[in-house]
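J.:
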Amino acid sequence: MTFTISLIIVLIIVLFGVISPELFARAATRILDLTTTNFGWFYLIVTLGFLIFCIFLAFSKYGQITLGDDDDEPEFSLPTWFAMLFSAGMGIGLVFWGVAEPVSHYFAPPAGVTGQTPEAAQTAMRFAFFHWGLHPWGIYAIIALCLAYFQFRKGAKGLISSTFTPLLGEKVNGPIGKTIDVLAVIATAFGVATSLGLGTLQINGGLSHIFGLPSTPLVQIVIIAIITVLYLVSSVSGLDKGIKLLSNTNLVLALCLLVLTLLFGPTAFLFDTFTSTLGSYLNNLVSMSLRLTPFTHGNWVANWTLFYWAWWISWAPFVGMFIARVSRGRTIKEFVVCVMLVPSLLSFIWFSVFGGTALHLEIFDRAPIGAAVQQDISTALFLTLEQLPLGQILSFVALFLIVVFFITSADSATFVLGMLTSDGDLHPSTRVKITWGLLQSATAVVLLLSGGLEGLQTASIVAALPFAIIMVLMCYSLLKALDAEAHEVRLKRREQQRKLEKLLNES
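Count the sequence shown with this note's numbering and you get residues 104 to 610, in order.
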C-alpha cells in the first residue's frame, strides 16, 4: 500500500514536471516563497532543538541503553561505520560545495558584512562550518536513533511510523501510520534527487573543465542514465557487498584528495584557517542558529541556511534509516557522540582545506576562482585544483570521487526507499529497488530541467516542511518510550531488592 501510494504521488509530480516544466517551476517557486516567508523561523528553531535534544540524550540516564539487545555487538568496525556515515550523510554535497560555498559567501556575505574583505573571508568559512557541522548531524541522529531504538530494541518494523507507537498505539498500522510513511518517502525522494542533481551538475562541470564537454541538459541526462545503470548494479549486489565496498572506496579517495590538496596548497595557512574558524564557529553557534533578518527583508538566510536545513531534513529519512541499519549494538551515548562529532570534524577539515585553498588563491594569488563560481558554480573545485602541482591528476581524482559518491548515495537511497515501501523489510526485493532507482533518476532530471540548481533547492525546502513536524513528534515519542523503559528498570530493581531483603530476613 505504501509503495503504491508513494509511487503514484512521485510519478504525478514527475509527469507534471515533464509535461510542463515552466509551470512546474513557477508553482514550486510560489510554494517556496510561502514556505520561507512564513515558516523560516520554524526551520531554525526545530533544527537547534534537535541538536540540543541529541546532546541531552547522550549525557542523560538513557545514554547507556543499547540500540538492540543488551548483549548485541556492533555489526561493522568503527572505520567502516564512519565511512558509511560520511558517504551517506554528506557525499556529493560536500564535494560540490567545498570550494563553491566559501567563495560565494566571500563575494556575497550575509547582511552587515562587506564582500571581498578579510571579515567576509572569515564569515564565509564560519558559515560553511555552520551549514555542514553539528546541526545536520543532529537532524540525522534524531531519525536514526528513533529507528534503531524501536527496531532493534523493541522489535518494531523499520518504518518511520513505527517510532510513533508510544503515541498512537495500534493506530500506527492504520491510515495515520501510512500517511507518515508516505510523507517520509516523498521527502526522501526529493532530498535524494536534489543531491543526485548536484552530483550531475558537478560531473558535467568536471567533464567540461577537463575535456571540454559542453554543460547542457542533454549531457546531464546522459550522465544520469549511465550512473543509474552503475548504481542499480551495485544496489542489486546488497548492503554487505556494494554499499560497504563503495563507502570504503569513498573514504580512501576523499582522504587522498584531502591530504594531497593540504600538502600542495598553502599548508600553514590552512591549519590557521581551521583553528580560527573552529573557534569562531563555536563562539557564534547560538546566534547563527537563530539568525533571521526581519528588518531588512534580506534573502541570504533563505537562500543558504533555510535551504540547507530543509535539505538535511528531507535527506534525513534516507540517511537516518541507513545509519540506523548499520548502527545496531551501539549505545545511545556512543551513537550520538560519534554520529555528530566525527563526520562534523571531517566536514570542518574538508572546508578548511578546499575552501581555504580557494580563498587563498583568490585573495593572495589573484586566481579567478570567484569569477568561475559566479559563471558556473560546478567548475569551482576543478579550477582550484588546477592551480596546484599535479592539478590535472587531482582533478581526475576529484571527478572519480564525485562519481563514486553519486553511486553510493543513489545505491543507499534505493535500499532505504525499498525498506520504507516494503513494510520495513531489511532486505527489500530487487524489483522494488530498481523501481525506486529509476524514479530517483527521473526526478533528478525533471528538477534539473525545470530550474537547475534553483529547482533542486526549491524541491528540498518544500518537501521538508511536513516532515519537520513529524520529526518533532518523533522526539516526544522516543522520550516517552525511553522514560517508560527506565520506569520498568526501576520497578525490576525494586522487586529484586524486595526479594533480596525477604531472603535475608528469612535467613
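Virtual Cβ for every residue (Gly too), placed ideally from N, Cα, C.
Quick check on DSSP: helix, strand or coil for V592?
T.: Here residue 592 is taken as the residue at index 489 of the sequence shown, counted from 1. The answer is helix: DSSP assigns V592 an H, G or I state.
J.: Using only alpha-carbon positions, find the residue among T140, V113, S123 that is nearest to F410.
T.: One-based indexing of the sequence shown puts residue 410 at position 307. Among T140, V113, S123, the Cα nearest to that of F410 is on T140.
J.: Hey, quick one: how far does the alpha helix (DSSP H) through N406 stretch, first residue to last?
T.: In the sequence shown, counting from the first residue as 1, residue 406 sits at position 303. Unbroken run through N406: none, as it is neither H nor E.
J.: Three-state secondary structure (DSSP) at T396?
T.: The residue given as residue 396 occupies position 293 in the sequence shown. Correct three-state label for T396: coil.
J.: Hey, out of V422, L444, L160, whose CA is closest to F232's CA?
T.: By one-based count along the sequence shown, residue 232 stands at place 129. With distances taken between Cα atoms, F232 lies closest to L444.
J.: Check T217 in the structure and name its three-state DSSP category.
T.: Numbered from its first residue, the sequence shown carries residue 217 at position 114. Coil.
J.: For my contact list, T376 and G459 are in at a C-beta cut-off of 8 angstroms; report their separation, rounded to the angstrom.
T.: On the sequence shown, position 273 is the one that residue 376 refers to. On the sequence shown, position 356 is the one that residue 459 refers to. Confirmed, Cβ separation roughly 4 angstroms.
J.: Per DSSP, which one or two residues make a beta bridge with L169?
T.: Position 66 of the sequence shown, counted from the start, is the residue given in the question as residue 169. It is worth fixing the name first, because residue 169 is Thr in this sequence and not Leu. T434, per the DSSP bridge assignment.
J.: In whole angstroms, what separates the C-alpha of E273 from that of I289?
T.: The sequence position of residue 273 within the sequence shown is 170, counting from 1. The sequence position of residue 289 within the sequence shown is 186, counting from 1. Their backbone Cα atoms lie some 24 angstroms apart in a straight line.
J.: Might you give, ordered along the chain, the residues of its own chain that have their beta carbon closer than 7 angstroms to the beta carbon of N402, omitting 5 neighbours on each side?
T.: Taking the sequence shown and counting its residues from 1, one reaches residue 402 at position 299. If we look at N402 and ignore the five residues flanking it on each side, it has no Cβ neighbours.
J.: Could you have a look at N387 and say whether DSSP puts it in helix, strand or coil?
T.: Indexing the sequence shown from 1 puts residue 387 at position 284. Note: N387 maps to coil in three-state DSSP.
J.: Expressed to the nearest angstrom, what Euclidean distance is found between the alpha-carbon atoms of A589 and F255?
T.: Counting from one through the sequence shown, the residue named residue 589 turns up at place 486. Counting from one through the sequence shown, the residue named residue 255 turns up at place 152. Between A589 and F255, the C-alpha separation is close to 17 angstroms.
J.: Would Y146 be called buried (16 or more neighbouring beta carbons within 10 Å of its own) or exposed?
T.: In the sequence shown, the residue the question calls residue 146 occupies position 43. In this structure Y146 is buried. Its beta-carbon is surrounded by 16 or more other beta-carbon atoms within 10 angstroms.
J.: What whole-angstrom Cβ distance do K536 and F518 have, given they're in contact under 8 angstroms?
T.: The sequence position of residue 536 within the sequence shown is 433, counting from 1. The sequence position of residue 518 within the sequence shown is 415, counting from 1. Correct: roughly 7 angstroms between the Cβ atoms.
J.: Measuring CA to CA, which of F421, S515, E465, S392 is closest to I155?
T.: Reading the sequence shown from its first residue, position 52 is the one you call residue 155. Nearest of F421, S515, E465, S392 to I155, Cα basis: S392.
J.: Since F179 is in the alpha helix (DSSP H), which residue starts that stretch and which ends it?
T.: Here residue 179 refers to the residue found at position 76 of the sequence shown. Run containing F179: none; DSSP gives neither H nor E here.
J.: Taking A186 as the reference, give the member of T303, S450, L594, F570 with the closest Cα.
T.: Locating residue 186 in the sequence shown gives position 83, where the first residue counts as 1. Measuring from the Cα of A186, the nearest candidate turns out to be S450.
J.: Buried or exposed for Y257, going by 16 or more other Cβ atoms inside 10 Å?
T.: Position 154 of the sequence shown holds residue 257. Looking at the sequence provided, one finds Lys at residue 257 rather than Tyr. Taking every protein chain shown into account, the CB of K257 has fewer than 16 other CB atoms within 10 angstroms, so this residue is exposed.
J.: For P278 and L363, what's the separation of their Cα atoms in angstroms?
T.: In the sequence shown, counting from the first residue as 1, residue 278 sits at position 175. In the sequence shown, counting from the first residue as 1, residue 363 sits at position 260. Going by the C-alpha atoms only, they are around 53 angstroms apart.
J.: With 16 other CB atoms within 10 Å as the buried threshold, where does N386 fall?
T.: Here residue 386 corresponds to residue number 283 of the sequence shown, with the count starting at 1. Label assigned to N386: exposed.
J.: Please report how far the alpha carbon of Q600 lies from the alpha carbon of V440, in whole angstroms.
T.: For the purposes of this step, residue 600 is taken as the residue at position 497 of the sequence shown. For the purposes of this step, residue 440 is taken as the residue at position 337 of the sequence shown. Whole-angstrom Cα-Cα distance: 34 angstroms.
J.: Determine, using beta carbons only, whether S580 and L270 come nearer to each other than 7 angstroms.
T.: The residue given as residue 580 occupies position 477 in the sequence shown. The residue given as residue 270 occupies position 167 in the sequence shown. Taking 7 angstroms as the cut-off, the Cβ atoms of S580 and L270 count as close.
J.: On a CA-only basis, which of F179, T150, L488, K164 is nearest L360? Give me that one, please.
T.: For this step, residue 360 is matched to residue 257 along the sequence shown. If we check each option's Cα against that of L360, L488 comes out closest.
J.: Taking C-alpha atoms, which residue in T183, I195, D468, C249 lies nearest to P420?
T.: In the sequence shown, counting from the first residue as 1, residue 420 sits at position 317. Nearest of T183, I195, D468, C249 to P420, Cα basis: C249.
J.: If you count every other CB in all the chains shown that lies within 10 Å of the CB of N353, and 16 or more means buried, which is it?
T.: Numbered from 1 along the sequence shown, position 250 holds the residue referred to as residue 353. Buried is the call here.
J.: If you follow the alpha helix (DSSP H) that E489 is in, where does it begin and where does it stop?
T.: Counting from 1 along the sequence shown, the entry for residue 489 is found at position 386. Where E489 is concerned, the enclosing alpha helix (DSSP H) stretches over 483–489.
J.: Taking C-alpha atoms, which residue in E598, A259, P221, A161 lies nearest to L529?
T.: Counting from 1 along the sequence shown, the entry for residue 529 is found at position 426. Selected option, being the one with the closest Cα: A259.
J.: With a Cβ-Cβ cutoff of 7 angstroms, do I505 and Q305 count as a contact?
T.: The residue you call residue 505 lines up with position 402 of the sequence shown. The residue you call residue 305 lines up with position 202 of the sequence shown. Closer than 7 angstroms, so yes.
J.: From A203 to G315, what distance separates their C-alpha atoms?
T.: Translated into positions along the sequence shown, residue 203 becomes position 100. Translated into positions along the sequence shown, residue 315 becomes position 212. So the two alpha carbons sit approximately 20 angstroms from each other.
J.: Which term fits E609, buried or exposed, when burial requires 16 or more other beta carbons within 10 angstroms of its beta carbon?
T.: Translated into positions along the sequence shown, residue 609 becomes position 506. Classification of E609: exposed, given that the 10 Å Cβ count is below 16.
J.: Need the endpoints of the alpha helix (DSSP H) that K281 sits in, please.
T.: As a working mapping, residue 281 is identified with position 178 in the sequence shown. Its alpha helix (DSSP H) spans residues 278–314.
J.: Can you say whether A214 is buried or exposed, counting buried as having 16 or more other CB atoms within 10 angstroms of its CB?
T.: Here the question's residue 214 lines up with position 111 in the sequence shown. Looking at its Cβ environment, which holds fewer than 16 other Cβ atoms inside 10 Å, A214 is exposed.
J.: Check whether the Cβ of H312 lies closer than 7 angstroms to any Cβ atom in chain D.
T.: The structure shown contains no chain D; it holds only a single protein chain.
J.: Does the beta-carbon distance from S447 to F438 come in below 7 angstroms?
T.: As a position in the sequence shown, residue 447 is number 344, starting the count at 1. As a position in the sequence shown, residue 438 is number 335, starting the count at 1. The answer is no: Cβ separation not under 7 angstroms.
J.: What residue range is occupied by the uninterrupted alpha helix (DSSP H) comprising V476?
T.: Along the sequence shown, read from residue 1 onward, the residue named residue 476 stands at position 373. 472–478 is the span of the alpha helix (DSSP H), which, as asked, contains V476.
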